[in-house]
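Remarks on the structure that follows.
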Ligand SMILES: Nc1nc2c(ncn2[C@@H]2O[C@H](COP(=O)(O)OP(=O)(O)O)[C@@H](O)[C@H]2O)c(=O)[nH]1
Ligand SMILES: [Mg+2]
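Numbering (full-length UniProt numbering), first residue to last: 1 to 244.
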């Protein structure tokens with residue numbers, strides 16, 4: 001995978017926006033990701049596992065707006081020589097998901113979505129469809145980058161949703177699928193890395209497109225200037241009958 005931990009000097013994580021001083025701005029990209037899914041599927045535990053590598057087994061429902069941060073170095077899979085310093089902001093739905101009261105503003109700035117269900121909870125899987133609808137309604141783009149996570153994969157004996165079923169659903173909707181465990185950490189980083197890769201690829205394509213458009217525009221201007229300078233001075237003046 002194309003992501004590695006940055007050297008200690010720029011590696012920094014925080015538990016929430018409110019408890020830690022803001023990080024410095026020495027990064028190339030700020031990437032905002034949002035975790036979505038029913039209450040209890042493990043979003044808060046998953047994000048805690050990713051940023052702090054800890055698992056809190058007591059279910060403390062998240063209250064208020066919350067996000068976690070982490071710095072990573074991203075290398076594109078097709079160009080590992082180029083490294084980008086990425087400041088990841090991972091937004092948590094902070095309990096509002098219980099009331100389906102997430103506002104458009106909440107979705108708007110997110111560049112990618114971690115869509116999560118609990119493999120031991122059939123309803124949480126069924127509800128993925130309506131989360132997808134919400135996402136498409138509110139997200140800034142009609143085709144946002146989404147990764148589907150089947151969390152609590154460690155609870156094998158309590159499993160209700162098979163991997164084959166989840167994988168088939170993800171395929172139908174064009175999303176990568178990961179079986180994860182916020183408890184053991186299995187596939188947690190892998191899942192975030194895949195989403196970051198999708199987001200970064202999209203961003204780099206957009207940058208490249210605007211660079212090409214800019215270059216084409218420059219060429220047109222150059223051609224006009226060159227053509228203009230090739231015209232004899234008389235022609236130039238003839239339009240207004242003199243030195244206008
Ligand atoms: N066994 C197991 N329990 C988990 C896992 N992820 C979360 N939990 C537990 O599930 C409960 C709900 O988790 P939480 O992160 O608060 O869910 P959220 O409401 O989606 O944020 C808590 O008791 C967690 O300890 C997991 O991967 N495996
Ligand atoms: Mg939570």
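Glycine included, C-beta positions come from ideal geometry on N, C-alpha and C.
Following the DSSP letters along the chain, one finds residue 112 in no alpha helix (DSSP H) but inside the beta strand (DSSP E) bounded by residues 112 to 118. Three or more Cβ pairs drawn from the region 145 to 162 and the region 177 to 190 lie within less than 8 angstroms of each other, which places the two stretches in contact. Distance check between residue 38 and each of 89, 105, 110, 116 places 116 closest, using alpha-carbon atoms only. For residue 159, no beta strand (DSSP E) encloses it, and the DSSP letter there is neither H nor E. Straight-line measurement puts the Cα of residue 80 at about 28 angstroms from the Cα of residue 35. Taking 7 angstroms as the cut-off, the Cβ atoms of residue 183 and residue 154 count as close.
Its Cα nearest to that of residue 204, the residue 75 stands out among 178, 75, 159. A buried status is given to residue 92, since no fewer than 16 other beta-carbon atoms sit within 10 Å of its beta-carbon.
One thing to note: residue 145 has its Cβ no nearer than 7 angstroms to the Cβ of residue 84. With 16 or more other Cβ atoms from the protein chains shown falling within 10 Å of its own Cβ, residue 48 counts as buried.
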